Amino acid sequence: MDKETKELDLLIIGGGPAGLTAAIYAARAKMNMTLLESELLGGQVRNSYTIENYPGFKTIPGGELSDVMSEQAKELGAKIESFSKILNVVLKDDEKIIETKKFIYKPKAVIISTGATPKKLPVPNEEKFSSRGVHYCAVCDGAMYEGSVVGVVGGGNSALEEALFLTKFASKVILIRRYDYFKGEKATIDEVLNHPKIEVMYNWDLINVDGDQFVNKAFIKNTKTSEEKQIELSAVFGYIGTEPKTEKFKDFIKLTPQAYVITDENMKTNIKGVFAAGDVREKQFRQITTAVADGTIAALTAEKYIAEKRI
Numbered sequence: 001m002d003k004e005t006k007e008l009d010l011l012i013i014g015g016g017p018a019g020l021t022a023a024i025y026a027a028r029a030k031m032n033m034t035l036l037e038s039e040l041l042g043g044q045v046r047n048s049y050t051i052e053n054y055p056g057f058k059t060i061p062g063g064e065l066s067d068v069m070s071e072q073a074k075e076l077g078a079k080i081e082s083f084s085k086i087l088n089v090v091l092k093d094d095e096k097i098i099e100t101k102k103f104i105y106k107p108k109a110v111i112i113s114t115g116a117t118p119k120k121l122p123v124p125n126e127e128k129f130s131s132r133g134v135h136y137c138a139v140c141d142g143a144m145y146e147g148s149v150v151g152v153v154g155g156g157n158s159a160l161e162e163a164l165f166l167t168k169f170a171s172k173v174i175l176i177r178r179y180d181y182f183k184g185e186k187a188t189i190d191e192v193l194n195h196p197k198i199e200v201m202y203n204w205d206l207i208n209v210d211g212d213q214f215v216n217k218a219f220i221k222n223t224k225t226s227e228e229k230q231i232e233l234s235a236v237f238g239y240i241g242t243e244p245k246t247e248k249f250k251d252f253i254k255l256t257p258q259a260y261v262i263t264d265e266n267m268k269t270n271i272k273g274v275f276a277a278g279d280v281r282e283k284q285f286r287q288i289t290t291a292v293a294d295g296t297i298a299a300l301t302a303e304k305y306i307a308e309k310r311i
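Numbering-wise, the sequence shown is residues 1 to 311 according to full-length UniProt numbering.
See the structure below:
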């Protein structure tokens, strides 16, 4: 059976803060648009236990902020297709085709806002113990370790915030940091260092995990002395950076060596009518506020592009 073809003004790929913001602006502009999201709306924000640096909210759970954004977009008339995975993509100056399981979309413009995913911990047993002691989302899996000792690997805001979140369940949180400093916000660092349940291990690196059916120990190595030792714990949560979701676009869009999309300040890529916004884009800072700004600019630039094509 042939798939139905849908011709649109704009197709937004990815439903995190950047994509949802773009959808809000596109809907307000009365564009014929659709947003495709392969999973739940909200992106990485949905996995944040609490957010305290988004203007307008002193504190708000990530899931709630995601819901507020998606509800606003829908109420304005944005068409959103969740759990809609992309099968094939063609992105050219004069032709854009995106195929999903149900439809073939032919939009005039595309905004790529697929975000990024956590980098896997580079240890031999990562795959063996995935979801059985090796995790990347404390909000999703932290409650499994009530009363247990858990480890957190990383040194940025995500690692610090998730370590604090895990203290709600774990009897102890061991923060494994390969350097002797953190890169997070001062207030968050101070909270971590003063928390009675958190032990910080500076200059140590995780080199493996092991156990029976589930993780029960980790092997760590001192980055200065090369000393190796074993510590007992029930899980490790990795926060060592992210990888952009650009696999479907790499044959068409110019990417950095790290696979982030290259754009100008107006979110334009190397393909006419294709824009990128949010964590998927090469930039210095990746925050909810910067993603929202990207989504705004991408939608407005796309609107201008589409209007000029009609002339």
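All residues carry an ideal CB built from backbone N, CA and C; glycine is no exception.
Owing to the predicted nature of the structure, the values given are computational and were not obtained by experimental measurement.
Sequence-distant residues of its chain with Cβ nearer than 6 Å to residue i (five each side left out)
| i | result |
| --- | --- |
| K79 | T34 |
| A259 | P244, T246 |
| D180 | Y202, N203 |
| F182 | G155, I189 |
| K221 | D205, I207, E228 |
| G238 | L121, Y136, V153 |
| M31 | D9, L10 |
According to DSSP, residues forming a beta bridge with residue i
| i | result |
| --- | --- |
| M33 | L10 |
| E4 | F103 |
| T242 | P118 |
Neighbourhood of residue i by C-beta distance below 7 Å, restricted to the same chain and skipping five residues each side
| i | result |
| --- | --- |
| A29 | E303 |
| K268 | F275, T301 |
| residue 313 | Outside the displayed span of the chain (1 to 311) sits residue 313, for which this structure offers no information. |
| V68 | none |
| T242 | A116, T117, P118, K119, D279 |
| E7 | K106 |
Anticipated Cβ contact below 8 Å, residue i with residue j, distance rounded
| i | j | result |
| --- | --- | --- |
| K101 | L87 | 7 Å |
| V89 | F249 | 6 Å |
| L11 | Y145 | That belief does not hold up - the Cβ atoms of L11 and Y145 are roughly 40 Å apart, past 8 Å. |
| A109 | I306 | 6 Å |
| I112 | V292 | With 8 Å as the limit, I112 and V292 do not qualify as a contact, their Cβ atoms being about 16 Å apart. |
| G133 | F214 | 5 Å |
Same chain, Cβ closer than 8 Å to residue i, five either side skipped, listed in chain order
| i | result |
| --- | --- |
| K217 | V209, D210, G211, Q230, I231, E232, L233 |
| S84 | L36, E37, S38, T100, K101, K102 |
| K58 | E52 |
Fill in: Validate contact between the stretch 191-211 and the stretch 148-167 using beta carbons, cut 8 Å, 3 pairs
Below 8 Å, enough C-beta pairs join the stretch 191-211 and the stretch 148-167 to call them touching: three or more.
Worksheet item: Do three or more CB pairs link the stretch 265-278 to the stretch 86-103 at distances below 8 Å?
Response: Note that the stretch 265-278 touches the stretch 86-103; at least 3 beta-carbon pairs, one per stretch, sit closer than 8 Å.
Worksheet item: Residue ranges of each beta strand (DSSP E) run of no fewer than 3 residues wholly in the stretch 32-108, ordered along the chain?
Response: Runs found: 33-37, 79-82, 86-91, 96-100.
Fill in: Contact the stretch 125-138 vs the stretch 200-207: 3+ CB pairs below 8 Å
Fewer than three Cβ pairs drawn from the stretch 125-138 and the stretch 200-207 lie within less than 8 Å of each other, which leaves the two stretches out of contact.
Discussion item. For the pair the stretch 40-50 and the stretch 62-70, tell me if three or more CB-CB distances fall below 8 Å.
Written reply: Yes: at least three Cβ pairs fall under 8 Å.
Worksheet entry | beta strand (DSSP E) runs wholly inside the stretch 244-277, at least 3 long, in chain order | DSSP runs (the beta strand (DSSP E)) wholly in the stretch 244-277: 274-276.
Worksheet item: Would you call the stretch 129-144 and the stretch 12-31 in contact, with 3 or more CB pairs under 8 Å?
Response: When Cβ pairs closer than 8 Å are counted between the two stretches, the stretch 129-144 is seen not to touch the stretch 12-31, the count staying below three.
Worksheet item: Which parts of the stretch 180-210 are runs of the beta strand (DSSP E), unbroken and 3 residues or longer, counting only runs that do not cross its ends?
Response: DSSP runs (the beta strand (DSSP E)) wholly in the stretch 180-210: 198-202.
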